[in-house]
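Just so we're aligned, residue 1 is where the sequence shown starts under the working numbering, counting upward by one.
Every residue, glycine too, gets a C-beta built ideally from N, C-alpha and C.
Since this is a predicted model, take the numbers as computed values, not measurements.
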Amino acid sequence: MTTEEFVELCQCGETTTVQYKECFTTQTKIAQEMVAFANTHGGVIMFGVQDKTGEMLGLTFKQLQDTGLELGNTANEQVKPAIYIETEVVKADDKRFLVCYIAEGRNKPYKTNNGEIWVKQGQDKRRVTENSEILELFQDSGSYYAEEATVRDSSVNDLEMTYLRDYFQKVYGKAIEDFDQPLESMLRSLGVMNGKGELTRAGVLYFGKHPQQYERAFKIKAVAFVGNSIGGSQYIDSRDIEGTIPWMFREGMAFLKSMLHHRQEGQNFNSVGVLEIPEVVLEELLQNALVHIDLLHPAAVRLLVFENRIEIINPGRLYGGLKVEDIRLGASKQRNPLMADFAARTMIFRGLGSGIVRALRENVVIDFINEDEANQFRVIIWRINDKEQIERFREELYAAENIQKNEGSDNDSIQKKDKYIQKTIQMDIDSIQKGIQKVLSERDQSITELQMCVLLYFAKHPMATRKDFIEATDGATEGGTISAISRLQGLRLLSRQGGKKNGYWFVVFE
Numbered sequence: 001m002t003t004e005e006f007v008e009l010c011q012c013g014e015t016t017t018v019q020y021k022e023c024f025t026t027q028t029k030i031a032q033e034m035v036a037f038a039n040t041h042g043g044v045i046m047f048g049v050q051d052k053t054g055e056m057l058g059l060t061f062k063q064l065q066d067t068g069l070e071l072g073n074t075a076n077e078q079v080k081p082a083i084y085i086e087t088e089v090v091k092a093d094d095k096r097f098l099v100c101y102i103a104e105g106r107n108k109p110y111k112t113n114n115g116e117i118w119v120k121q122g123q124d125k126r127r128v129t130e131n132s133e134i135l136e137l138f139q140d141s142g143s144y145y146a147e148e149a150t151v152r153d154s155s156v157n158d159l160e161m162t163y164l165r166d167y168f169q170k171v172y173g174k175a176i177e178d179f180d181q182p183l184e185s186m187l188r189s190l191g192v193m194n195g196k197g198e199l200t201r202a203g204v205l206y207f208g209k210h211p212q213q214y215e216r217a218f219k220i221k222a223v224a225f226v227g228n229s230i231g232g233s234q235y236i237d238s239r240d241i242e243g244t245i246p247w248m249f250r251e252g253m254a255f256l257k258s259m260l261h262h263r264q265e266g267q268n269f270n271s272v273g274v275l276e277i278p279e280v281v282l283e284e285l286l287q288n289a290l291v292h293i294d295l296l297h298p299a300a301v302r303l304l305v306f307e308n309r310i311e312i313i314n315p316g317r318l319y320g321g322l323k324v325e326d327i328r329l330g331a332s333k334q335r336n337p338l339m340a341d342f343a344a345r346t347m348i349f350r351g352l353g354s355g356i357v358r359a360l361r362e363n364v365v366i367d368f369i370n371e372d373e374a375n376q377f378r379v380i381i382w383r384i385n386d387k388e389q390i391e392r393f394r395e396e397l398y399a400a401e402n403i404q405k406n407e408g409s410d411n412d413s414i415q416k417k418d419k420y421i422q423k424t425i426q427m428d429i430d431s432i433q434k435g436i437q438k439v440l441s442e443r444d445q446s447i448t449e450l451q452m453c454v455l456l457y458f459a460k461h462p463m464a465t466r467k468d469f470i471e472a473t474d475g476a477t478e479g480g481t482i483s484a485i486s487r488l489q490g491l492r493l494l495s496r497q498g499g500k501k502n503g504y505w506f507v508v509f510e
């Protein structure tokens with residue numbers, strides 16, 4: 001961490017990933033902070049900084065040595081399982097500070113010696129006591145799979161034998177009766193049944209006669225709208241698609257094909273034509289949504305068709321610490337490996353990693369949006385190829401969504417926000433930049449190239465996050481971005497209007 005980055009972090013206040021400590025307190029208290037960071041997204045503890053004000057007090061040489069030693073002992077002895085930390089001394093204003101880096105852990109849930117589980121919530125931490133939250137941490141680490149949980153009061157009688165026969169014939173090339181072992185034994189080996197004769201959730205969802213009898217929320221809600229707004233009162237078609245995963249996939253694909261256009265593109269007159277969105281794109285993305293659903297928080301997969309786009313919304317954010325840039329490069333972690341294995345053997349499923357890469361090879365613009373707070377992964381497939389049109393539609397979409405979230409807010413604030421966003425959407429980058437330069441000239445101020453880049457980005461993307469900016473900008477680091485934002489706020493060129501969830505960035509350019 002550079003001196004400049006450290007100073008800016010001190011000026012920006014504590015966050016989900018930044019914690020101040022004037023000095024090392026006790027191993028018990030610091031262990032709680034380490035556990036919270038390891039169970040969430042990781043972060044830094046900055047020693048020598050007053051936690052209420054961010055005042056840079058500094059540490060003596062002895063404090064630096066003692067703090068480093070205590071941190072190592074705390075990570076090894078007070079956190080279970082033990083974690084690996086990194087420390088660094090930073091010098092600023094002729095004072096020295098110790099920065100402790102804690103990465104997001106791979107063996108969640110982490111606990112203190114007292115058995116307490118902590119997670120970060122905003123700038124504070126929160127103790128976890130609910131079983132569902134604890135299971136979610138186990139799931140994040142890959143040590144628990146909700147698909148393997150048994151379905152109470154279920155039995156082999158709840159399985160559709162036709163599906164099982166087709167599976168065995170396709171995968172093994174022979175009928176069930178040709179195996180020299182009892183059916184129940186084979187079902188246990190496949191992960192469809194447990195030792196007590198009850199079915200697993202994966203078994204019900206893939207081979208069940210009526211899966212929604214036990215998994216009521218697991219279905220596809222498919223809607224084709226008139227226009228481009230989800231708030232529209234008119235729709236072309238609306239269906240609830242239920243059944244097994246393979247059945248829902250087939251019916252979901254049939255719905256999409258019936259709602260999309262077919263183009264001639266060199267085909268003869270009697271041909272059905274070519275689907276406007278390549279079929280492989282729809283197949284890969286719909287299968288991913290069904291197979292990678294979060295069974296700890298079951299909900300319907302939403303399949304929404306608009307005039308300008310298709311949205312596939314999967315109830316379950318990206319799993320195992322994956323980020324959007326990771327899956328674009330083919331990285332994959334399976335939340336439901338059993339269901340993924342069933343799909344890979346009998347469907348055209350190729351897994352989250354290869355499937356996404358395959359879809360991206362087609363001449364289609366696809367947006368991937370990982371919504372942590374809503375616990376969903378959203379895919380937008382644009383039905384148009386014009387980049388300027390897509391950018392305009394994106395801005396309109398995000399503006400409309402933000403206004404919907406604020407429906408209970410003060411009407412004047414909403415109108416002010418709407419007016420500002422619509423204005424920046426309609427303006428081109430050059431006009432905004434000229435406006436900013438004029439303001440700088442009038443105020444006799446100057447800014448760096450990165451700071452100008454920040455202003456231009458948030459002027460055109462008012463609802464974007466700091467993370468969005470970093471992902472969209474080559475070479476931008478988190479520390480540098482935080483520093484730039486802090487500097488611009490100090491110059492009164494950039495401000496945050498509204499709350500964290502529903503607020504927006506306001507840029508002064510006139």
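With distances taken between CB atoms, is the gap from residue i to residue j smaller than 8 Å?
{"i": "A36", "j": "V79", "result": "no"}
{"i": "N73", "j": "A82", "result": "no"}
{"i": "I102", "j": "G42", "result": "yes"}
{"i": "N314", "j": "I348", "result": "no"}
{"i": "I241", "j": "Y206", "result": "no"}
{"i": "I381", "j": "I310", "result": "yes"}
{"i": "Y163", "j": "N336", "result": "no"}
Between the options, which lies nearest to residue i when the distance is taken from Cα to Cα?
{"i": "L295", "options": "K174, S132, V89 and A476", "result": "S132"}
{"i": "E510", "options": "M34, R361, Q437 and K209", "result": "Q437"}
{"i": "F506", "options": "S154, G480, V454 and D93", "result": "V454"}
{"i": "V291", "options": "E5, Y235 and I220", "result": "I220"}
{"i": "K120", "options": "N114, K170, R96 and E104", "result": "E104"}
{"i": "G243", "options": "R466, R216, E184 and V49", "result": "R216"}
{"i": "N39", "options": "T53, L135 and C23", "result": "L135"}
{"i": "E160", "options": "H210, A202, D444 and L137", "result": "H210"}
{"i": "P298", "options": "N385, E307, E388 and R317", "result": "R317"}
{"i": "F377", "options": "Q334, K125, Y319 and R392", "result": "Y319"}
{"i": "N370", "options": "N288, E33, L322 and D386", "result": "L322"}
{"i": "Y167", "options": "F342, R443, E130 and E251", "result": "F342"}
{"i": "Q65", "options": "F24, R126 and L450", "result": "F24"}
Within the same chain, show all residues whose beta-carbon is closer than 7 Å to that of residue i, passing over the 5 residues directly before and after it, in chain order.
{"i": "R106", "result": "S141"}
{"i": "E325", "result": "E471"}
{"i": "M1", "result": "E88, V90, V99 and G479"}
{"i": "L260", "result": "L275, E276 and I277"}
{"i": "A224", "result": "Y235, I236, D237, M259 and V305"}
{"i": "A459", "result": "T424, I432, V507 and F509"}
{"i": "S154", "result": "E198, L199, V204 and Y214"}
{"i": "G54", "result": "C10, Q11, G13 and Y20"}
For residue i, collect the residues of the same chain with a Cβ closer than 8 Å to its Cβ; drop the 5 residues on either side in sequence, then sort them by chain order.
{"i": "R165", "result": "A175 and I176"}
{"i": "L57", "result": "E22, G48, V49, Q50 and K95"}
Quick check: what's the CA-CA separation for residue i versus residue j?
{"i": "T16", "j": "G68", "result": "23 Å"}
{"i": "R487", "j": "R383", "result": "40 Å"}
{"i": "Q181", "j": "M339", "result": "23 Å"}
{"i": "S511", "j": "M46", "result": "The requested residue 511 is not part of the displayed model; the chain covers only 1 to 510."}
{"i": "D94", "j": "G480", "result": "21 Å"}
{"i": "Q426", "j": "L456", "result": "14 Å"}
{"i": "S189", "j": "R345", "result": "15 Å"}
{"i": "F255", "j": "A222", "result": "8 Å"}
{"i": "E396", "j": "D367", "result": "15 Å"}
{"i": "R152", "j": "R201", "result": "10 Å"}
{"i": "V7", "j": "A92", "result": "7 Å"}
{"i": "T477", "j": "E307", "result": "37 Å"}
{"i": "N251", "j": "L303", "result": "Here residue 251 is Glu; the residue named in the question, Asn, does not match the sequence. Looking at the two C-alpha atoms, the distance is approximately 11 Å."}
{"i": "Y110", "j": "F138", "result": "10 Å"}
{"i": "E5", "j": "I485", "result": "11 Å"}
{"i": "T3", "j": "N113", "result": "35 Å"}
Between which residues of its own chain and residue i is the CB-CB distance below 6 Å, once the five residues before and five after are set aside?
{"i": "S229", "result": "none"}
{"i": "G408", "result": "Residue placement at G408 is flagged as unreliable, the pLDDT there being 42, under the threshold of 50; a coordinate-derived value is accordingly withheld."}
{"i": "K62", "result": "none"}
{"i": "Y398", "result": "M463"}
{"i": "N518", "result": "This structure cannot speak to residue 518, because the chain is shown only from 1 to 510."}
{"i": "L187", "result": "M193"}
{"i": "E148", "result": "T200"}
Classify residue i: buried if its beta carbon has 16 or more other beta carbons within 10 angstroms, exposed otherwise.
{"i": "V128", "result": "buried"}
{"i": "D158", "result": "buried"}
{"i": "S332", "result": "buried"}
{"i": "Y504", "result": "buried"}
{"i": "Y20", "result": "buried"}
{"i": "V226", "result": "exposed"}
{"i": "H262", "result": "exposed"}
{"i": "S495", "result": "exposed"}
{"i": "F179", "result": "exposed"}
{"i": "V171", "result": "exposed"}
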